[in-house]
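What follows is a set of notes on a single structure, which appears directly below.
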Amino acid sequence: MDNDRELIHKLLDGGLPSDETAALMKRVNSDPDLLEEFTLLKEAVTVIEKSERKQASASFTSDVMRRLSSGAKAERKGWRNFFFGERIFRWNMAYAAAALLLAVLTAGGIYNFRSGGQIPYSALDKSAVTVKFNFYSPDAKSVSVAGDFNKWRTDAGVMRREEGGIWTIKIPLKPGAYNYMFVMNGDAWITDPEAAAYHDDGFGYKNSVVRVDKL
Numbered sequence: 000m001d002n003d004r005e006l007i008h009k010l011l012d013g014g015l016p017s018d019e020t021a022a023l024m025k026r027v028n029s030d031p032d033l034l035e036e037f038t039l040l041k042e043a044v045t046v047i048e049k050s051e052r053k054q055a056s057a058s059f060t061s062d063v064m065r066r067l068s069s070g071a072k073a074e075r076k077g078w079r080n081f082f083f084g085e086r087i088f089r090w091n092m093a094y095a096a097a098a099l100l101l102a103v104l105t106a107g108g109i110y111n112f113r114s115g116g117q118i119p120y121s122a123l124d125k126s127a128v129t130v131k132f133n134f135y136s137p138d139a140k141s142v143s144v145a146g147d148f149n150k151w152r153t154d155a156g157v158m159r160r161e162e163g164g165i166w167t168i169k170i171p172l173k174p175g176a177y178n179y180m181f182v183m184n185g186d187a188w189i190t191d192p193e194a195a196a197y198h199d200d201g202f203g204y205k206n207s208v209v210r211v212d213k214l
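For what it's worth, numbering that gives the first Met the number 0 labels the leading residue of the sequence shown as 0, then goes sequentially.
Written out as structure tokens, the structure is:
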């Protein structure tokens with residue numbers, strides 16, 4: 000998994016060949032934990048890339064290093080690489096942004112804790128519309144729906160089996176467009192054949208799209 004994390008870093012940096020990207024995304028989509036990390040990091044990097052940046056002065060690093068105590072000379076190179084190395088700096092910032100985003104969401108009270116996991120929406124929001132997702136699979140042992148509305152968590156949208164092999168779940172969503180996929184037996188990612196629209200995720204797969212209109 001550590002090797003896949005390094006490949007994810009290269010992918011987010013735009014330096015991963017297309018053939019390796021396709022193979023990596025297959026592994027990511029088959030591993031819920033890795034998919035969650037990838038989604039969170041991708042969102043965090045997007046936030047960072049869109050945020051305002053100020054150019055540091057040319058002497059910034061040397062000024063910081065000069066202020067370190069003389070007893071830490073032997074450790075200067077290591078600390079400099081840790082804080083200012085391109086790869087580590089980007090990943091540290093990504094985790095910081097992700098932590099900040101989580102803190103904001105939690106403080107806003109928009110996490111609704113359910114027995115099947117966490118779904119980030121406000122059931123009390125008057126603008127929310129209840130959307131019913133259906134998936135036909137009589138041979139499936141378990142089915143869940145993962146998408147933008149639950150941070151692509153496979154344990155957050157656990158569906159219930161109805162008569163005739165139909166799996167269903169109702170989720171209140173605010174007006175807007177959401178990408179999603181069904182996850183069968185915990186590892187098989189399936190595009191909804193009855194979706195109103197589809198969206199290419201950029202990695203060779205198609206996400207289902209549901210549009211929620213205002214009441």
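Built from N, CA and C at the ideal position, the CB exists for glycine as well.
Owing to the predicted nature of the structure, the values given are computational and were not obtained by experimental measurement.
For R152, there is no enclosing alpha helix (DSSP H), since its DSSP letter is neither H nor E.
Non-local beta-carbon contacts of K169 in its own chain, meaning distances under 6 Å to residues more than five positions away in sequence, involve T129 and K131 in chain order.
Secondary-structure assignment with DSSP links H198 through a beta bridge to N206. Exclusion of the five residues before and after A21 leaves F202 and G203 as the residues of its chain whose Cβ lies within less than 8 Å of its Cβ. At least 7 Å separates the beta-carbon of S17 from that of D186. Judged by DSSP secondary structure, L172 falls outside any alpha helix (DSSP H) and instead within the beta strand (DSSP E) spanning I165 to L172. Take W188, set aside five residues on each side of it, and the residues of its chain with a beta-carbon closer than 7 Å to its own are N28, M180 and V182, in chain order. Secondary-structure assignment with DSSP links K140 through no beta bridge to anything. Annotated three-state conformation of T20 is helix, per DSSP. In this structure, N133 lies away from N178, with their beta-carbon atoms at least 7 Å apart.
By the beta-carbon neighbour count (other beta carbons within 10 angstroms, threshold 16), N149 is buried. Here DSSP, grouped into helix, strand and coil, assigns N2 to helix. Excluding sequence positions up to five before and after T167, its CB lies within less than 7 Å of the CB of K131, F132, N133, M158, R159 and E161, all in the same chain and listed in chain order. E35 and D212 have their C-alpha atoms some 28 Å from each other.
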